[in-house]
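Some notes on the structure that comes next.
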Amino acid sequence: MYRKQQVERATRVRGSILRVGSAVFMAAFTTFAAGFSMIFASVIAIRQMGQFLMAIMLTSWGFAMFFFLPLCLIIGPVGTC
3 MYRKQQVERA
13 TRVRGSILRV
23 GSAVFMAAFT
33 TFAAGFSMIF
43 ASVIAIRQMG
53 QFLMAIMLTS
63 WGFAMFFFLP
73 LCLIIGPVGT
83 C
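Note that the working numbering has the sequence shown beginning at 3, numbered continuously upward.
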């Protein structure tokens, strides 16, 4: 029973990466690019906002891909949840 649940979780994680992984990456990339374009502003507040935006995007993308998905693989839902 336990091995079956593990296979089902792995299948679901793989499916979610294939289905929405590229959309999540492109959303993070475009937001990061917007923050990067703010880096070259002469106004310090705009520059800091761009740095903050880039840091938040890197952190959230890394969390989604390298923490949340493995967490779902380990203790994710099984069955029809």
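Heads up, the beta-carbon is just placed ideally off N, CA and C, and yes, glycines get one too.
Query raised in the report: What three-state label does DSSP hand valine 22 in the structure shown?
Result: helix
Query raised in the report: Looking at C-beta atoms only, is the number of pairs between the stretch 50-64 and the stretch 27-35 that lie closer than 8 Å three or more?
Result: Result yes; three or more Cβ-Cβ pairs closer than 8 Å.
Query raised in the report: For glycine 78, which three-state DSSP category applies?
Result: Glycine 78: coil per DSSP, three-state reduction.
Query - Residues near glycine 64 in its chain [Cβ-Cβ closer than 8 Å; skip 5 each side] - result: none
**Report entry** alanine 29 in three-state terms, based on DSSP
**Finding:** Here alanine 29 carries a helix assignment [DSSP, helix/strand/coil].
Requested in this report: Please check the pair glycine 78 and arginine 16, which I expect to be a contact at CB under 8 Å, by giving their CB distance rounded to whole angstroms.
Outcome: So it is not a contact: roughly 12 Å between Cβ atoms.
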